[in-house]
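Sequential numbering of the sequence shown, starting at 147, is according to the numbering used here. All residues carry an ideal CB built from backbone N, CA and C; glycine is no exception.
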Amino acid sequence: MMSKFSPAKILVVDDMPDNVRLLTNILARRGFELISAYSAQMALELLQSVLPDLILLDVSMPGMSGYELCQILKLDARLKDIPIIFISALNDIQDVVHGFSLGAVDYITKPFQIEEVIARVNTHISLYRLQRQLLVENQTLQTKIQEYFNIDRDLYNDLCQAVPNQELEIYYQPIVCILDNKISGFEALLRWQHPKRGRVSPVDFIPIAEQTGLINNIGAWVAQRSMLQLSLWHKIYPQLMVSINVAGSQLLDPQFIAVIENGLNVTGVSPSQIKLEITESDIITDVDRAIYQLQQLRELGVKICLDDFGIGYSSLSRVQEFPIDVIKIDRTFIQQKNWIIANIIHLLADSLGVEVIAEGIETVEQLTKVRTMGCDYGQGFLFSPPLPVKAATDLLAQGFLEGQFLSQ
Ligand code: C2E
Ligand code: MG
Ligand code: MG
């Protein structure tokens, strides 16, 4: 009985010591913990410091009656849910009805039928504990739901409108070949100009888009848009590449391959000039499925880049299974001058036979380091911040495709 819980506490309130003794004896033998009070006043005092799982309450007592005590308890937020079983000598239907109307869950009559008392006590304690457990679970569930939907509702509603309202824009950040300082391509980075809040960072809205599924539409728009832009640039700069960020939930979406295939068909760009950037931590949520999807994408001819590499280290054991072409060393390693890790990642990339991009290069010192290390490509504010199409096009027109970065 109640084995997986600590023993249930029962408070017996009765002015007749014989009744109290009989009930406490019976119930103590069944493994319950008993507390007794010989008046309603005494019960109230005890209840200040103990919280029983059940109260057996005599209806008629001198001074305050059981009914009055019940009414007081039901008004107390801390005590109101404790089930109360009335003890009545009367077996009077009116009495029973009155008891229930005050919030009692049951009643027993004197003289006690022992088995009946035990059965009723067991039932109500089980129900009470179940109810409390459900409440706790419900709270946990509520917290989880809240966490899940702990998104800024207004921001989400606005994000739904961002594409149709043309509030999204793609900025392009140059990716530079370390050897000859030429722009080899651009990373497409989403920007949202919110009508009231101003510029909202992708770090804030991409997670909302992911949690709500909006990312599929937004991601498809980014893919189409950046491929279209690349096709325009290709008229003058046919070697240029574009890197498109892909969130984990996009990658796992079965429609995503069709989105990329469609983009390639519509714009006519060569798949080998498209890099899809997937973050390492996104792959680990479902490694097998992610690998399968990446293989499908690679069969289209696009290149796969593992973004922010090094911070989701748990995938290290499986990294050689990932069908990838490029690894991007996470910018924290470059910025914290953690050259040992950066070098290890570079060696790993070398042994996998993939290219390396160092991102987040802000200083000449950092550039010199990654150059000595032998990284193929670099990206960062030292070269250029992400730029709107016009500025990126100007940069190309100024000859940065011919290797003028930092060498002018
Ligand atoms: P990411 O893919 O790792 O992009 C690089 C981020 O580093 C960009 O932040 C870029 O502006 C920033 N960055 C570049 N150079 C430097 C530098 O020298 N120093 C520093 N401190 N930062 C630098 P941004 O644009 O805010 O994007 C943040 C993240 O949002 C991206 O990280 C990417 O994960 C995500 N994101 C952006 N656009 C898209 C998109 O179209 N789709 C998806 N799924 N995610 C996107
Ligand atoms: Mg990226
Ligand atoms: Mg990155």
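Ligand 2 heavy atom lying under 7 Å from the CB of residue i
| i | result |
| --- | --- |
| Asn-391 | yes |
| Asp-453 | yes |
| Glu-423 | yes |
| Glu-356 | no |
Distance between residue j and residue i (C-alpha atoms, nearest Å)
| i | j | result |
| --- | --- | --- |
| Lys-536 | Ser-389 | 18 Å |
| Val-263 | Asn-284 | 31 Å |
| Lys-120 | Pro-469 | For residue 120 there is no data in the structure shown, the boundaries of the chain being 147 and 554. |
| Val-205 | Val-282 | 32 Å |
| Asp-399 | Leu-386 | 28 Å |
| Val-516 | Leu-287 | 48 Å |
| Ile-138 | Ala-189 | Here the chain covers residues 147 to 554 and nothing more, so residue 138 does not appear. |
| Gly-221 | Gly-249 | Before going further, note that residue 221 is Leu rather than Gly in the sequence given. In a straight line, the C-alpha of Leu-221 is about 11 Å away from that of Gly-249. |
| Ile-233 | Asn-303 | 57 Å |
| Leu-552 | Phe-529 | 8 Å |
| Tyr-438 | Ser-427 | 16 Å |
| Pro-534 | Leu-276 | 59 Å |
| Leu-317 | Pro-384 | Looking at the sequence provided, one finds Tyr at residue 317 rather than Leu. Cα to Cα, Tyr-317 sits roughly 20 Å from Pro-384. |
| Gly-524 | Cys-323 | 6 Å |
| His-340 | His-270 | 56 Å |
| Leu-168 | Arg-299 | 60 Å |
| Trp-563 | Leu-410 | What is shown of the chain runs 147 to 554, which leaves residue 563 out entirely. |
| Ile-218 | Arg-175 | 31 Å |
| Gly-365 | Ile-490 | 32 Å |
| Leu-513 | Ile-507 | 6 Å |
beta-carbon residue i near ligand 1 non-hydrogen atom, thresh 7 Å
| i | result |
| --- | --- |
| Val-368 | yes |
| Gln-319 | yes |
| Arg-477 | yes |
| Phe-527 | yes |
| Ile-507 | yes |
| Gln-312 | no |
| Val-349 | yes |
Minimum C-alpha distance to residue i - residue among the options
| i | options | result |
| --- | --- | --- |
| Tyr-235 | Leu-374, Met-207 and Cys-306 | One detail in the question is off: residue 235 reads as Ala in this sequence, not Tyr. When only C-alpha atoms are compared, the closest one is Met-207. |
| Leu-192 | Cys-216, Leu-200 and Leu-157 | Leu-157 |
| Leu-305 | Gly-249, Val-322, Ile-406 and Arg-337 | Arg-337 |
| Asn-362 | Val-251, Pro-341, Leu-443 and Gln-396 | Gln-396 |
| Val-392 | Glu-333, Leu-280, Phe-246 and Trp-379 | Glu-333 |
| Ala-183 | Arg-175, Gly-177 and Gln-194 | Gln-194 |
Residues bridged to residue i [DSSP beta-bridge criterion]
| i | result |
| --- | --- |
| Pro-320 | Phe-332 |
| Gln-339 | Arg-345 |
| Gln-375 | Per DSSP, none; premise fails for Gln-375. |
| Met-387 | Gly-331 |
| Thr-425 | Asp-453 |
Residue i beta carbon near ligand 5 (any heavy atom closer than 7 Å)
| i | result |
| --- | --- |
| Ile-470 | This structure simply doesn't include ligand 5; it includes ligand 1, ligand 2 and ligand 3 instead. |
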